[in-house]
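Participant: Number 137 in the numbering used here belongs to position 137 of the sequence shown; there are no gaps in the numbering.
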Amino acid sequence: MYVKTDAIVLSHKKFRDNATLLTLYTRELGRATFLLYGAGSKRNGKGYSLLQPLSLLEIESDIRNGRELNIIKELKPSHTLYNSLFDPYKSSILFFLAEVLSQALKTNEQDDLLFQFLQESILRLEEMERGVSNFHIAFLVRLSTLLGFGPNIYDWTEGHFFDFRQAEYTTQRPTHAQFVSSREALFLRTLCRINYRNLFCYRFSKGERKDLLDHIIEYYGIHLQGFGELKTLPVLHEIFD
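#1: Check whether the segment 171 to 180 touches the segment 122 to 129, counting contact only when three or more Cβ pairs, one atom from each stretch, lie closer than 8 Å.
#2: Can you name the start and end residues of the alpha helix (DSSP H) that residue 78 belongs to?
#3: What's the C-alpha gap between residue 15 and residue 82?
#4: Are the Cβ atoms of residue 149 and residue 138 separated by less than 8 Å?
#5: For the segment 131 to 213, list the beta strand (DSSP E) runs that are entirely contained and at least 3 residues long, ordered along the chain.
#6: What residue does the beta strand (DSSP E) around residue 60 start on, and which one ends it?
#7: Any chance the segment 106 to 121 sits against the segment 61 to 74, with 3 or more Cβ pairs inside 8 Å?
#8: When DSSP labels each residue in this structure, what does residue 115 get in the three-state scheme?
#9: Give the range of the beta strand (DSSP E) segment to which residue 14 is assigned.
#10: Whole angstroms is fine: what's the gap from residue 56's alpha carbon to residue 33's?
#11: Secondary structure at residue 30, three-state DSSP: helix, strand or coil?
#12: Using only alpha-carbon positions, find the residue among 31, 161, 165 that is nearest to residue 103.
#13: Which residue from 38, 22, 74 puts its Cα closest to that of residue 2?
#14: Note down, in chain order, each residue of its chain lying with its Cβ closer than 8 Å to the Cβ of residue 231, except the 5 sequence neighbours on either side.
#15: What's the C-alpha gap between residue 237 and residue 207?
#16: Looking at the structure shown, is residue 35 part of a helix, part of a strand, or coil, going by DSSP?
#17: Enumerate in chain order the residues of its own chain whose CB-to-CB distance from residue 12 is below 6 Å, with the five nearest sequence positions on each side excluded.
#18: With a Cβ-Cβ cutoff of 8 Å, do residue 171 and residue 163 count as a contact?
#19: Taking all protein chains shown into account, do 16 or more other C-beta atoms lie within 10 angstroms of the C-beta of residue 26, making it buried, or fewer, making it exposed?
Written out as structure tokens, the structure is:
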């Protein structure tokens with residue numbers, strides 16, 4: 001089956017002398033891993049600059065049943081992320097979100113709504129001038145809903161706790177440690193109203209942003225099997241220090 005599809009780069013690594021193992025999230029195939037030959041050659045238009053985290057591509061491949069790795073026949077950028085790749089804040093966010101998505105997106109099932117969200121989010125970051133430091137927070141809040149474990153934040157009452165395991169408010173203090181206090185729970189409710197249109201209105205201190213992001217990553221770890229430590233998280237904390 002010959003497939004031509006839009007794709008988003010999650011990761012790449014050298015596989016052989018002239019081959020690169022490329023993990024993508026695609027519009028047609030969901031998550032998929034391919035072999036790309038000649039990625040280090042600028043002459044054939046497949047330079048590594050095209051394979052940076054969350055780069056937007058168009059690829060063509062002959063998908064064959066039983067083949068462990070399919071080969072990319074053609075590859076080109078669908079959009080070029082000039083601003084994001086050369087801006088240290090935006091590029092750090094791209095690296096961080098690529099690592100999150102590499103752990104969160106495991107299925108090879110097509111999900112056009114999810115792909116559209118990812119593509120539009122990356123393009124929004126490329127164009128964004130205000131609120132960049134909050135972009136990844138708004139992204140993760142929305143992504144949790146699309147992945148099916150968005151928090152139920154609508155039945156908050158003063159004094160309630162938020163139980164990370166149950167993803168909802170509770171009047172009783174949970175017997176486990178995976179919850180936030182009533183004060184933080186109110187903050188979480190406010191947080192879930194953040195979106196790409198209003199995120200520049202939110203002013204977080206260094207400590208608030210760090211604690212907030214740590215809580216979100218903890219929440220992901222509870223609801224996504226195999227979601228482990230993120231190597232890019234300390235870098236993101238430092239870049240927005």
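Idealized CB from N, CA, C, for every residue including glycine. Predicted model, so just to flag it, every value in this text is computed and none were measured.
Facilitator: On the basis of the coordinates in this document:
#1: no
#2: Along the sequence shown, read from residue 1 onward, the residue named residue 78 stands at position 78. It is not in any alpha helix (DSSP H) - residue 78 instead sits in the beta strand (DSSP E) that spans 70 to 79.
#3: Translated into the one-based positions of the sequence shown, residue 15 becomes position 15. Translated into the one-based positions of the sequence shown, residue 82 becomes position 82. Going from the Cα of residue 15 to the Cα of residue 82 covers about 27 Å.
#4: The sequence position of residue 149 within the sequence shown is 149, counting from 1. The sequence position of residue 138 within the sequence shown is 138, counting from 1. Taking 8 Å as the Cβ cut-off, residue 149 and residue 138 do not qualify as a contacting pair.
#5: 161 to 163, 168 to 170
#6: One-based indexing of the sequence shown puts residue 60 at position 60. Counting along the chain, residue 60 sits inside the beta strand (DSSP E) bounded by residues 56 to 62.
#7: no
#8: Counted from its first residue, the sequence shown places residue 115 at position 115. It is helical.
#9: In the sequence shown, residue 14 corresponds to position 14, counting from 1. Here the beta strand (DSSP E) through residue 14 covers 2 to 16.
#10: Mapped onto the sequence shown, residue 56 falls at position 56. Mapped onto the sequence shown, residue 33 falls at position 33. Approximately 15 Å, taken between the alpha carbons.
#11: Here residue 30 refers to the residue found at position 30 when the sequence shown is read from its first residue. In the structure shown, residue 30 sits in a strand (DSSP, three-state: E or B).
#12: Your numbering for residue 103 matches position 103 in the sequence shown. Ranking 31, 161, 165 by Cα distance to residue 103 puts 31 first.
#13: Counting from 1 along the sequence shown, the entry for residue 2 is found at position 2. Measuring from the Cα of residue 2, the nearest candidate turns out to be 74.
#14: The residue you call residue 231 lines up with position 231 of the sequence shown. 99.
#15: By one-based count along the sequence shown, residue 237 stands at place 237. By one-based count along the sequence shown, residue 207 stands at place 207. Roughly 10 Å between the two C-alpha positions.
#16: Residue numbering aside, residue 35 sits at position 35 when the sequence shown is read from its first letter. Here residue 35 sits in strand by DSSP.
#17: Working through the sequence shown from its first residue, we reach residue 12 at position 12. Correct list, in chain order: 20, 22, 51.
#18: Counting from 1 along the sequence shown, the entry for residue 171 is found at position 171. Counting from 1 along the sequence shown, the entry for residue 163 is found at position 163. Not a contact, by the Cβ cut-off of 8 Å.
#19: What you label residue 26 is simply residue 26 of the sequence shown in a count that begins at 1. Counting Cβ neighbours within 10 Å, residue 26 comes out buried, since at least 16 surround it.
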